[in-house]
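Numbering (the UniProt record's numbering), first residue to last: 1 to 305.
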């Protein structure tokens with residue numbers, strides 16, 4: 001009897017995406033080769049300047065990009081209306097874009113809700129891929145004689161996040177009338193970015209009483225607006241934090257923590273009660289269906305000799 005040898009398949013180890021590994025060295029060489037190939041063969045790349053900053057250059061990717069953008073301002077030929085685009089899903093890119101104070105900055109992001117909307121089923125026509133509000137009433141088109149062919153995977157859509165538009169919204173949110181000093185939008189934006197650190201990011205945990213899903217940023221903005229007259233100025237200046245003014249923000253948050261934790265507990269209790277009620281209703285439906293289900297009886301069977 002022959003015993004087939006098991007084929008051991010190696011799983012992908014994400015730890016190889018680390019500076020100093022052979023994988024990153026090969027990736028860097030492949031990128032340089034690809035860029036050189038495109039520059040020499042593709043006319044569309046002829047006037048494009050490519051900068052490769054691989055794992056041998058210290059620093060995180062987005063921070064190196066932002067440092068390059070800031071360094072361009074010192075160039076005599078720098079155009080103040082230069083348009084910047086950075087690609088990525090990291091929310092820190094939005095904060096970094098605001099911190100550059102560039103007037104034309106965009107973040108290109110994948111539409112993370114695309115797959116979620118794709119799986120939805122319209123209750124009007126029964127087709128997947130759209131909701132009832134977007135239903136056109138058309139019958140599903142056959143793909144093949146018996147609709148046996150699968151459609152290709154649709155391209156994932158991308159969305160633009162215009163940092164300039166976000167700046168306008170924040171200007172309206174953070175303007176405080178009759179404040180004791182002139183309103184400075186750039187300083188106010190720096191304060192907003194600083195306060196967002198309290199809600200957490202890739203490097204810092206959030207404060208226990210602040211959650212994005214619980215409108216933590218709105219809470220901080222309200223506290224900031226209420227304390228602007230007491231602070232007598234902005235929280236930050238040129239990257240430095242005024243700790244006395246920051247203490248006023250934290251004291252304002254401390255006054256609301258009891259109410260925040262109380263609401264959070266009530267929300268959790270309601271969620272647990274609803275889950276328990278749904279589970280009990282499901283059990284009752286199953287019992288009701290079991291009682292209605294016809295049972296096989298021997299009395300109805302004819303006698304057999």
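Ideal Cβ positions, reconstructed from N, Cα and C, are used throughout, including at glycine.
(1) Within 10 Å of its beta-carbon, does residue 305 have 16 or more other beta-carbons around it, so buried, or fewer, so exposed?
(2) How is the beta strand (DSSP E) around residue 87 delimited, first residue to last?
(3) Assuming residue 250 and residue 209 form a contact by the criterion Cβ under 8 Å, report the distance between their Cβ atoms to the nearest whole angstrom.
(4) So, is residue 97 buried or exposed, given that buried needs 16 or more other C-beta atoms within 10 angstroms?
(5) Between which two residues does the alpha helix (DSSP H) carrying residue 192 extend?
(6) With a threshold of 7 Å on Cβ separation, who are the neighbours of residue 228 within its own chain once the five nearest residues in sequence on each side are excluded?
(7) Over the uninterrupted beta strand (DSSP E) stretch that includes residue 162, give me the two end residues.
(8) In this structure, does DSSP put residue 237 in helix, strand or coil?
(9) DSSP on residue 108, reduced to helix/strand/coil?
(10) Considering residue 280, what are the terminal residues of the alpha helix (DSSP H) in which it resides?
(11) At the level of alpha carbons, what is the spacing between residue 292 and residue 285?
(12) Would you check if the distance between the CB atom of residue 160 and the CB atom of residue 191 is smaller than 8 Å?
(13) Measuring only the C-alpha atoms, how far is residue 113 from residue 91?
(14) Following the continuous alpha helix (DSSP H) through residue 220, name the residue where it begins and the one where it ends.
(15) So, at 6 Å on beta carbons, what are the nonlocal neighbours of residue 174 in its own chain, with the 5 sequence-adjacent residues on each side left out?
(16) Thinking residue 181 and residue 233 are a contact (beta carbons under 8 Å), I'd like their distance in whole angstroms, please.
(17) Which of the three DSSP states is assigned to residue 179 in this structure?
(18) Residues in the same chain with beta-carbon distance under 6 Å from residue 18, minus the five sequence neighbours each way, listed in chain order, please.
(19) In angstroms with no decimal places, state the Cα-to-Cα distance between residue 1 and residue 275.
(20) At which residue ranges does the region 17 to 59 contain complete beta strand (DSSP E) runs of 3 or more residues, listed in the order of the chain?
(21) Quick check: what's the CA-CA separation for residue 257 versus residue 219?
(22) Assign residue 1 to one of three DSSP states: helix, strand, or coil.
(23) Is the Cβ-Cβ distance between residue 102 and residue 69 less than 8 Å?
(24) How about residue 182: is its C-beta nearer than 8 Å to some C-beta of chain C?
(25) Secondary structure at residue 62, three-state DSSP: helix, strand or coil?
(26) How big is the Cα-Cα spacing for residue 246 and residue 236?
(27) Can you name, in chain order, every residue of its own chain whose Cβ lies under 6 Å from the Cβ of residue 288, other than the five neighbours on each side?
(28) Is residue 15 helix, strand or coil when you go by DSSP?
Let me spell this out:
(1) With a pLDDT of 49 at residue 305, under the threshold of 50, the predicted position of this residue should be treated as unreliable, though the coordinate-derived value follows. So residue 305 counts as exposed.
(2) Its beta strand (DSSP E) spans residues 84 to 87.
(3) Not confirmed; about 10 Å, so no contact.
(4) Classification for residue 97: buried.
(5) First-last of the alpha helix (DSSP H) with residue 192: 185 to 196.
(6) Only 176, 179 meet the Cβ criterion.
(7) First-last of the beta strand (DSSP E) with residue 162: 158 to 162.
(8) Of the three classes helix, strand and coil, the one that applies to residue 237 here is strand, per DSSP.
(9) Strand.
(10) It spans 243 to 292 - the alpha helix (DSSP H) in which residue 280 sits, taken as one unbroken run.
(11) Straight-line Cα distance between these residues: approximately 11 Å.
(12) Inclusion of residue 160 and residue 191 in the CB contact set at 8 Å is not warranted, their separation being larger than that value.
(13) Pairing residue 113 with residue 91, the inter-Cα distance amounts to about 15 Å.
(14) Its alpha helix (DSSP H) spans residues 216 to 231.
(15) By the criterion of a C-beta distance shorter than 6 Å, residue 174 is surrounded in its chain by 188, once the five residues flanking it on both sides are discounted.
(16) With 8 Å as the limit, residue 181 and residue 233 qualify as a contact, their Cβ atoms being about 6 Å apart.
(17) Note: residue 179 maps to coil in three-state DSSP.
(18) Non-local beta-carbon contacts of residue 18 in its own chain, meaning distances under 6 Å to residues more than five positions away in sequence, are absent.
(19) Residue confidence is low: residue 1 scores 48 on pLDDT, short of 50, so the model does not pin down where it sits. No coordinate-derived value is stated.
(20) DSSP runs (the beta strand (DSSP E)) wholly in the region 17 to 59: none.
(21) So the alpha carbons of these two residues sit roughly 11 Å apart.
(22) Model confidence at residue 1 stands at a pLDDT of 48, short of 50, so the residue's coordinates are unreliable; what they give is reported in the following sentence. Coil at residue 1, not helix or strand.
(23) Their beta carbons are under 8 Å apart, which means residue 102 touches residue 69 by this criterion.
(24) As a matter of chain content, chain C is missing from the structure shown, which is built from one protein chain.
(25) Per DSSP, reduced to three states, the secondary structure at residue 62 is helical.
(26) C-alpha separation (whole angstroms): 9 Å.
(27) Only residues of its own chain outside the window of five on either side were considered, and among them none has a CB closer than 6 Å to the CB of residue 288.
(28) When secondary structure is reduced to three states using DSSP, residue 15 falls in the helix class.
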